[in-house]
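Notes for the one structure printed next.
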Amino acid sequence: DTQAFAEAWKRACSSKVKTRILVPQNYTSLVRPIDLSGPCKARLILQISGTIIAPEDPDVWEGLNPRKWIYFHGVSRLTVEGGGTVNGMGQEWWRRSCKHNHSNPCHGAPTALTFHKCKNMRIENLNVMDSQQMHIAFTSCRRVTVSGLTVIAPATSPNTDGIHISASRGIVVDNTTVSTG
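Reminder that position 86 of the sequence shown reads as 86 in full-length UniProt numbering, one-by-one numbering, no gaps.
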C-alpha cells in the first residue's frame, strides 16, 4: 500500500484544486516509512476513516531513518481527519527497547506522525495508537489546530510520548485525550 499511498499523495499535492485522499472505513492499509512532502498547490485533505498500520518488524527500517514513519514536510493547508486509526504496531520495538531490557543496545525508534515545517493545518478526529516511540511531533510548524484526538499506548510502552511540540508557534491542542507510556 505504500507505493499507492505515495502516488496518491503526489497526484493530490500537484492538483490545483482542493483534493481528498481517502483511507476508507473498514480498510486497513499497511504503510512502510514514507515522506509526504510539499509544497502542495492547493488545500489537501487526508481522510483516514479506516486504519493505517506500520510494519511490525523493526528491520523494515534497515537503511532508512529510524526516527520517521509517516513524515510530512513543508506542507501548508493540510487537514488530517476522518475518525480512523493510525497504529504504529510498536510492540516489537518496545520488546527490543533498552528501556525494557538493559542488555539490548539503545536505538532510535520512529515517531508515528511527524509534521516538519508545516503550516495552516488541522488534525482532527483521529486515533493514534501504539507508536513505536513518540506518537505525534510538530517541529518548526506554524498555525496548527489539533482537536478530537485520542492518543493511546500501554503504560508499559517505553517513551511513547503523546504529542511533542518544538520550535513551533500557534499550535492549539483541544479536546484531546493522551494516555501513553
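We put the beta carbon where it would ideally sit given N, CA and C, even for glycine.
- Within the same chain, and ignoring the five residues on either side of Val17 in sequence, the residues whose Cβ sits closer than 7 Å to its Cβ are Ala42.
- Cβ contact annotation for Lys99 (same chain, cutoff 6 Å, sequence separation greater than five): Pro158, in chain order.
- Taking the C-beta atoms as reference points, Ser131 is found nearer than 7 Å to Thr160.
- When DSSP assignments are scanned along the stretch 54 to 91, the uninterrupted stretches of beta strand (DSSP E) that are 3 or more residues long and fall wholly within it turn out to be 68 to 73, 78 to 81, 85 to 87.
- Excluding the 5 residues flanking it on each side, Thr156 has same chain C-beta neighbours closer than 7 Å at Gly181, in chain order.
- Taken through DSSP and simplified to helix, strand or coil, Thr145 comes out as strand.
- Distances from the CA of Val144 to each of Ile70, Arg96, Ile165, Met134 were compared; the closest alpha carbon is that of Ile165.
- The DSSP assignment places complete beta strand (DSSP E) segments of no fewer than 3 residues inside the stretch 97 to 173 at 111 to 116, 119 to 129, 136 to 139, 142 to 152, 163 to 166, in order along the chain.
- Going by DSSP, Thr176 is part of no beta strand (DSSP E) at all; its letter is neither H nor E.
- Gln47 carries a strand assignment under DSSP once its states are collapsed to helix, strand and coil.
- Proximity of the stretch 87 to 99 to the stretch 114 to 123 falls short of the contact definition, fewer than three beta-carbon pairs being nearer than 8 Å.
- Ile21 and Thr51 have their C-alpha atoms roughly 13 Å apart.
- Taking a C-beta distance under 7 Å as the contact criterion, Val80 and Leu46 qualify as a contact pair.
- Contact between His135 and Val128 holds: CB atoms are separated by about 5 Å, below the 8 Å threshold.
- Distance between Gln25 and Ala4, taken at the CA atoms: about 17 Å.
- As computed with DSSP, Asp35 is found in a beta bridge with Tyr71.
- Check the Cα spacing between Ser29 and each of Phe138, Ile70, Arg11, Lys10: the tightest is with Ile70.
- Looking at the backbone, the Cα of Val31 and that of Ser103 are separated by about 30 Å.
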